[in-house]
Amino acid sequence: MPQTCPIDLDALTPIDESHGRYGKPLVYFDTKYEKTDPRMLTPKELAILLPEGQSRITAYNNVAGWKFPLRDTPQRILDYLYLGPNHAIRDLEFLRSTGITMVLVVRNANIFTKSFASLDRAAATLGIVGRYVDMYSPQMMLRKSLDEAVRIINDHVLSVHHAQCRGGGRASCPTRAKVLITCETGRMQSAFVLAAYLMAVFGLDMADAMRFIFLQRPCIIFFTDSQAILDTWGGILKARASVARAGDRGDVAAKRQLGDNSDDDDVENSTSDHMDSDRFLGRRSFVPFEDKKTL
Numbered sequence: 001m002p003q004t005c006p007i008d009l010d011a012l013t014p015i016d017e018s019h020g021r022y023g024k025p026l027v028y029f030d031t032k033y034e035k036t037d038p039r040m041l042t043p044k045e046l047a048i049l050l051p052e053g054q055s056r057i058t059a060y061n062n063v064a065g066w067k068f069p070l071r072d073t074p075q076r077i078l079d080y081l082y083l084g085p086n087h088a089i090r091d092l093e094f095l096r097s098t099g100i101t102m103v104l105v106v107r108n109a110n111i112f113t114k115s116f117a118s119l120d121r122a123a124a125t126l127g128i129v130g131r132y133v134d135m136y137s138p139q140m141m142l143r144k145s146l147d148e149a150v151r152i153i154n155d156h157v158l159s160v161h162h163a164q165c166r167g168g169g170r171a172s173c174p175t176r177a178k179v180l181i182t183c184e185t186g187r188m189q190s191a192f193v194l195a196a197y198l199m200a201v202f203g204l205d206m207a208d209a210m211r212f213i214f215l216q217r218p219c220i221i222f223f224t225d226s227q228a229i230l231d232t233w234g235g236i237l238k239a240r241a242s243v244a245r246a247g248d249r250g251d252v253a254a255k256r257q258l259g260d261n262s263d264d265d266d267v268e269n270s271t272s273d274h275m276d277s278d279r280f281l282g283r284r285s286f287v288p289f290e291d292k293k294t295l
């Protein structure tokens, strides 16, 4: 049986703790845009995903008041992300009252190949978007599945935001898209994908991403092999960010060098142009296809 990865809450070093509107302690995590790939999200797009005017994300600490039956219901992880089991898709009232606009199902590609009837029904009844992320081998997760999940979530949230702004909604406070991420139990594969998302979008390291989710849904489980994949994912993200930012600096340097050379060329060409023009002083202007005067 796979070993679980313990989540060390004692090692958590939050920026600040206070009490939220539900009387639960809040734990704040700094976002680290410098650790993300700027080709994935621009600063403006990241600002749309973050709470308005903030540069950090907030976790409600549900650990102390957690009860076993709560694992059967989805929990809010961010203001636009919820995490729960597949059977929550059948609860149309929950989807409606919470304002869920998309359900992202994380499934084992070796077991599930067809669409879920419950998701088809929810999409038809409520008009929500239904998407799937298939989990393959660890190599395919790193090469395809995790990137696909990040892109699906961001594309949906940003497209809803921009559509409302174009439709005359208040750009500063449009209705928020909300994504419910599910797997069979809402405790393993979906939590794994969500941790990868937090690492990619907000620059959290693996430990903080796991803790951020655990504080709000304490029933989640991270096996040691999942931890190993996330650790590799973190290395990939770091390498991408370094390459992208180095490329940006290289482009700026190249453009600056090109501009410097262009200035020199302009001076040389200007001098050359003056020398060439001297050869035509006093000559009659040549007009193409000019009619010849009849003698």
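Here the sequence shown is numbered in the UniProt record's numbering, starting from 1 and rising by one per residue.
We treat Cβ as the ideally placed atom computed from N, Cα and C, and that holds for glycine.
Alpha-carbon to alpha-carbon, residue j and residue i
i, j, result
"GLY203", "PHE192", "16 angstroms"
"PRO38", "THR125", "38 angstroms"
"ALA47", "ALA244", "20 angstroms"
"PHE214", "ALA207", "10 angstroms"
"LEU119", "LEU237", "32 angstroms"
"GLU93", "ALA195", "27 angstroms"
"ARG225", "ALA239", "Note that residue 225 is Asp in the sequence shown here, rather than Arg. Between ASP225 and ALA239, the C-alpha separation is close to 21 angstroms."
"GLN227", "ASP147", "17 angstroms"
"ALA64", "LEU81", "22 angstroms"
"LEU230", "ALA163", "33 angstroms"
"MET140", "THR36", "21 angstroms"
"THR113", "PRO43", "37 angstroms"
"ILE181", "ILE153", "9 angstroms"
"MET102", "SER159", "12 angstroms"
"ASP155", "THR185", "25 angstroms"
"GLY130", "TYR33", "29 angstroms"
"SER190", "GLU45", "24 angstroms"
"ASP134", "SER145", "7 angstroms"
"HIS87", "MET40", "32 angstroms"
"residue 344", "GLY235", "Absent from the structure is residue 344, since the part of the chain shown begins at 1 and ends at 295."
"ASP116", "LEU198", "The sequence shown places Phe at residue 116, rather than the Asp named in the question. Answer to the nearest angstrom: the Cα atoms are 26 angstroms apart."
"TYR132", "GLY84", "15 angstroms"
"SER97", "LEU49", "21 angstroms"
"PRO51", "PRO138", "33 angstroms"
"ALA171", "TYR136", "Note that ALA171 scores a pLDDT of 48, beneath 50, so its modelled location is shaky and nothing firm can be said."
"HIS161", "THR175", "7 angstroms"
"ARG217", "ILE89", "18 angstroms"
"LYS178", "PRO74", "13 angstroms"
N- and C-terminal bounds of the alpha helix (DSSP H) containing residue i
i, result
"PHE202", "189-202"
"MET40", "Looking at the DSSP string, MET40 is not in any alpha helix (DSSP H), and its letter there is neither H nor E."
"MET98", "The sequence shown places Thr at residue 98, not Met. Note, THR98: alpha helix (DSSP H), 92-98."
"LEU26", "First-last for LEU26: 25-30, but that is the beta strand (DSSP E), not the alpha helix (DSSP H)."
DSSP state of residue i mapped onto helix, strand, coil
i, result
"VAL79", "The question names Val, yet the displayed sequence has Asp at residue 79. The answer is coil: DSSP assigns ASP79 none of H, G, I, E or B."
"ASP134", "strand"
"ILE111", "coil"
"VAL129", "strand"
"LEU50", "coil"
"VAL157", "helix"
"VAL150", "helix"
"GLY65", "coil"
"PHE232", "Inspection of the sequence shows that residue 232 is occupied by Thr rather than by Phe. Helix."
"PHE212", "helix"
"GLY186", "coil"
"ALA166", "A small fix is needed here, since residue 166 is Arg in this sequence, not Ala. It is helical."
"ASP72", "helix"
"ARG240", "helix"
"ASP225", "helix"
"ASP120", "helix"
"ARG245", "helix"
"ARG176", "coil"
"ARG143", "helix"
Start-to-end residues for the beta strand (DSSP E) that takes in residue i
i, result
"CYS219", "Segment: none, CYS219 is in no beta strand (DSSP E) and carries neither H nor E."
"LEU104", "102-108"
"ILE181", "179-183"
"residue 323", "There is simply no residue 323 to check, as the chain begins at 1 and stops at 295 in what is shown."
"THR58", "56-60"
Proximity test, Cβ basis, 8 angstroms: residue i and chain D
i, result
"LEU180", "Looking at the structure shown, chain D is missing, and only one protein chain is on hand."
Three CB pairs or more closer than 8 angstroms across the region 55-63 and the region 22-40: yes
contact_flag[the region 210-224, the region 100-111] where n(CB pairs < 8 angstroms) is 3 or more: no
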